[in-house]
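To start, the structure under review is shown below, and the notes come after it.
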Amino acid sequence: MGISRVLPPLSRVSPLYTSAFFHLVPIASAPLPFRPLATVSTAVSASQAQDASTLSYSKMGQNRWKPMCLYYTQGKCTMMDDPMHLEKFNHNCSWDLHVDPSNLNRICPQNLDFFLVLDLEGKVEILEFPVVMVDAKTMEVVDFFHRFVRPSGMSEQRINEYIEGKYGKFGVHGVWHDTAIPFKDVLQQFEAWLAQHHLWEKQLGGSLNRAAFVTCGNWDLKTKVPQQCNVSMVELPSYFMEWINLKDVYLNFYKRRATGMMTMMKELRIPSLGSHHLGFDDAKNISRVLQRMLADGALIRITARRKPDYPHEVEFLFRNRIR
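Residue numbers (full-length UniProt numbering): 1 to 323.
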């Protein structure tokens, strides 16, 4: 168990989220108890979230979609006992990633046990680091990891302008300012999360254990993570050495080209939920595409791998791929 501590008042909480997707009951300005993420699990399992919010997919139905509480996704929601807050916001990541049991008989054996769906946000520096963990056999969401990331190479004024332009349109810029932490800290907490799930151990290094990242394109892990590591002056972690570009698997399985997440969802007739380019929502939508491909019998394989002796060079493993 972690040791509770008291946080100072949140500095930039807007009274209301103004976008169509976000409408948050004002958060009290008085100090509130909070369990530090470093001493407890850095994410809450899907089953725990189900119990905490007392909401179920079967009861709510697909027509009652609600946005995720972005304080909750980072382990910082202090309103879990507020019925109005629970009514407005989803606190169960698997709620809109429901798996139809009738589809399980079509899944082909996979070479991996878990898929880590990753969708970074931020063109200049990484601003958001969301991961959804999907079981390769059951297609169920096992857990999630989500952090907003504070740039390290920008002035405060530039950060404010950057965040207002990126997240202001979603009405979540206040949440970003309240919760964003440096990329170094994000990696430390993410590695603790990986270790919690026995997916990677810092002492052992190497690649992930029976798991792989799934991205919609190569940009996230081929380009952006190495760039951010350089800016943040950290070594590129060994678990970022290989990944699955879902667009390449899609092309080879369905024999048709899809240039992005929205194209795949449209072709598979999967409705998009949430806000496009809000990282956590996009990671969940990509997870829904992944679930559909698994249900259709696709083999989800590694598509790109860094060369061990030259980690900045990437080998692409599919002959037919999106370029």
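For each residue, glycine too, the CB sits at the ideal point set by N, CA and C. Since this is a predicted model, take the numbers as computed values, not measurements.
- Here the C-alpha atom of Thr223 lies approximately 17 angstroms from the C-alpha atom of Val117.
- In this structure, DSSP gives Phe144 an extended state, which the three-state scheme calls strand.
- The beta carbon of Gln227 sits closer than 6 angstroms to no other beta carbon from its chain once the five residues preceding and following it are set aside.
- In this structure, His146 and Gln74 form a Cβ contact; the two beta carbons are roughly 6 angstroms apart against a cut-off of 8 angstroms.
- As DSSP reads the structure, Met68 sits in a beta bridge with Asn90.
- Contact between Asp143 and His197 holds, with the beta-carbon distance rounding to 7 angstroms and staying under 8 angstroms.
- Taking Met265 as the centre and dropping the five residues before and after it, the same chain places the C-beta of Ser272, Asn285, Val289 closer than 7 angstroms to its C-beta, in chain order.
- For the 9 angstroms CB-CB criterion, Leu246 and Pro311 do not form a contact.
- Look at Ala298 here: in three-state DSSP terms it is coil, with no helix or strand label.
- Take the alpha-carbon of Lys255 and the one of Phe318: they are about 13 angstroms apart.
- Judged by their CB atoms, Leu221 and Phe240 are nearer to each other than the 9 angstroms cut-off.
- DSSP, reduced to helix, strand and coil, places Asp135 within a strand of the structure shown.
- Excluding residues up to 5 positions away in sequence, Arg301 lie with their Cβ nearer than 7 angstroms to the Cβ of Asn111 in the same chain.
- Between Ala283 and Leu97, the alpha-carbon positions lie close to 11 angstroms from each other.
- Secondary structure in the region 263-316: the beta strand (DSSP E) runs of 3 residues or longer, each lying completely within the stretch, are 304-307, 310-316 in chain order.
- In the three-state scheme derived from DSSP, where H, G and I count as helix and E and B as strand, Trp219 is classed as helix.
- For Glu125, the closest alpha carbon among the candidates Ala192, Ser275, Ala180, Gly168 is that of Ala180.
- Taking 9 angstroms as the cut-off, the Cβ atoms of Arg323 and Glu313 do not count as close.
- The beta strand (DSSP E) runs lying completely inside the region 163-232 and spanning 3 residues or more are 211-215, given in chain order.
- Look at Pro237 here: in three-state DSSP terms it is coil, with no helix or strand label.
- Residue state for Val149 is assigned as strand, using DSSP reduced to three classes.
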